[in-house]
Every structure is written in structure tokens, then in C-alpha cells.
Amino acid sequence: WRYLEFKHGAPAKVRNLLHERALRCLPGSYKMWFQYLQERMQQVQNRCIDDPAWEAVNNTFERALVFMNKMPRIWVEYCQFLLRQYKTTKSRQTLDRALRSLPITQHERIWKIYLKFINQEFIPPETAIRSWKRYLQLEPYQVEDFIEYLEQKGKWLEVINQLVKVLNDPDFTSTKGKTKHELWVKLCTLLSKQDEDHMLDNNLRTETIIRSGIKKFPAEVGQLWCALADFHIRLGRFEVARDVY
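Printed below as a string of C-alpha cells:
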């Protein structure tokens, strides 16, 4: 270690060789691996993303994880490094490996990177939705962020399903300050605007959901009645809609 400090001004190739020699003798040294990985990442930061040197650093991380697989900081640095390379499959697989290797008390650090990864525009929504649902098993109170993501992607049926789950949970408290009435209005509005192919089960269940909302909030039902009427209008049931009004 002192010799590495003495050689702090040496060329990168020389420092890399010294680190490799040191790690052959001390493969379990977290301090040595961390410094080596930091230097290797700095050496490629100004290179083109398809330069083979990036993959060489990836391989160094993999070697480090043979000995450091319980160190969350190494996993965090590796995952962030992969995200910079836009390696979708490898990033997802590495994030999953990190979650499997680390204790659940450290998962929050990995999920912060995972959410950043799956919320990128080029990630397929199906992949992101599956990952979001896994995250909600750990942090169920983040469901409103998931609903916002689904709305951005136009996954309205999934939005409806998540809202139904939220409203059926008596212990749910909105992290965004929304009331149960606001969530009911949102659900009923969405239901009334869906085509028949996108209904939860069938038309009867949709009407039942809206009417149950009306029963829950007898003093604030104007929007809910309008949503019910709009639902029948979209299905061409004008006589029924007139009766609702």
C-alpha cells in the first residue's frame, strides 16, 4: 500500500500492474480492490463507449466480486458503471445478482439504481413493470410512483388494477397527500373511458365498482355519477345514461 502511494504519479499501466500484484497476495482486501476499481474507471471515462477498455473494467469488477460479493459499495459502483454503458441485459442481470447476494437490509441501495435503470425511456415497459412489482413487495408504499409510471406508458388497465388494490387496502395512506375520494374519482374516471376490451372483467363489474364508490361518498358523488353516465354513453346505452343523470 505504501509503495502504491509512493508511485501515485506513475503511468496508469504501471499502477494497474502494481495493483494486480498486490491483489494476488491480498485478494480479500476491500481497500485495495476499491482503489483499483476507482482508478480503472477513471482511466476509461474519456474513452468512446465501445472501446474494449470498458469491457476490461467490467471484467475487473467481476473478478473483484468473487471476493467482495457481500460488499454493497462494490455492487453499487459496478451497477452504476454498467448503466453508463447502456448495457440493458447485463445491467438487469447484475442488479438481480446484487439483490441475491446482499442481505435485505442493503437492498434499498440497489433498488435506487434499479428504479433509475427501469425508468429510462429505452427499457421495455413489460420489463419495467415486472421489476416495479418486485420492488413493491419490499416498499409497498411506493405504489403511487408505480401508478405514475404506468400512466406515462399508457398502461391503463394496469393503472386500474393498482388503484383497485390500493382502495381495497384499509391501511393504505397516500404518500402524495391524496384522499380516498380523489383516488375513487380517478378510478371511476378511468373506468368510464376504457373500451370494452380493456375493462377489468366485464361491463357489470365496471358499473359495480363505480356504484360502490358512490355509496362510499354520498356527500361528494357528482363526479362519480358523471363517470357512470359517461361509461354508459361510451357503450351506446343512452337510455341508461339518461336515467343516471
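Numbering (my numbering), first residue to last: 1 to 245. Positions of the beta carbon are idealized from the N, C-alpha and C atoms, including for glycine. As the structure is a prediction and not an experimental result, all values here were calculated from the model.
Residue i and residue j closer than 7 Å at C-beta
| i | j | result |
| --- | --- | --- |
| Ile110 | Ala98 | yes |
| Leu183 | Leu167 | yes |
| Val76 | Val57 | no |
| Glu144 | Thr173 | no |
| Thr81 | Gly28 | The question names Thr, but residue 81 in the sequence shown is Phe. Taking 7 Å as the Cβ cut-off, Phe81 and Gly28 do not qualify as a contacting pair. |
| Ser131 | Ile113 | no |
| Leu163 | Leu187 | yes |
| Glu148 | Val159 | no |
Spatial distance of residue i from residue j (CA atoms)
| i | j | result |
| --- | --- | --- |
| Lys108 | Pro11 | Looking at the sequence shown, residue 108 is not Lys but Glu. Approximately 38 Å between the Cα atoms of the pair. |
| Leu157 | Trp54 | 41 Å |
| Lys90 | Tyr78 | 11 Å |
| Lys13 | Cys25 | 19 Å |
| His19 | Lys70 | 21 Å |
| Glu62 | Lys133 | 28 Å |
| Lys180 | Gln120 | 30 Å |
| Arg47 | Thr88 | 20 Å |
| Leu23 | Gln42 | 19 Å |
| Gly177 | Lys155 | 23 Å |
| Phe146 | Arg100 | 23 Å |
| Val185 | Pro52 | 54 Å |
| Arg21 | Asp96 | 31 Å |
Neighbourhood of residue i by C-beta distance below 6 Å, restricted to the same chain and skipping five residues each side
| i | result |
| --- | --- |
| Arg40 | Val57 and Thr60 |
| Lys153 | Pro125 |
| Leu102 | Pro72 |
When the options are compared against residue i, the one with the closest alpha-carbon
| i | options | result |
| --- | --- | --- |
| Trp33 | Gln42, Lys13 and Leu65 | Leu65 |
| Leu83 | Arg21, Leu115, Trp132 and Ser131 | Leu115 |
| Arg92 | Pro124, Lys70 and Arg63 | Pro124 |
| Leu17 | Tyr30, Tyr36 and Lys31 | Tyr36 |
| Tyr86 | Val185, Phe122 and Pro140 | Phe122 |
| Pro72 | Thr94, Glu151, Tyr149 and Pro52 | Thr94 |
| Thr105 | Glu139, Glu126, Gln120 and Lys133 | Glu139 |
| Pro170 | Tyr141, Pro103, Asp50 and Thr189 | Tyr141 |
| Lys31 | Gln42, Asp50 and Ile74 | Ile74 |
| Gln38 | Gly177, Arg15 and Pro52 | Arg15 |
Close-in-space but distant-in-sequence residues of the same chain around residue i (CB under 8 Å, 5 per side omitted)
| i | result |
| --- | --- |
| Lys165 | Val143 |
Contacts around residue i, its chain only, beta-carbon distance under 7 Å, and the 5 residues preceding and following it disregarded
| i | result |
| --- | --- |
| Ile49 | Gln85 |
CB contact check: residue i to chain B, cutoff 7 Å
| i | result |
| --- | --- |
| Glu151 | Absence of chain B from the displayed structure is noted, only one protein chain being present. |
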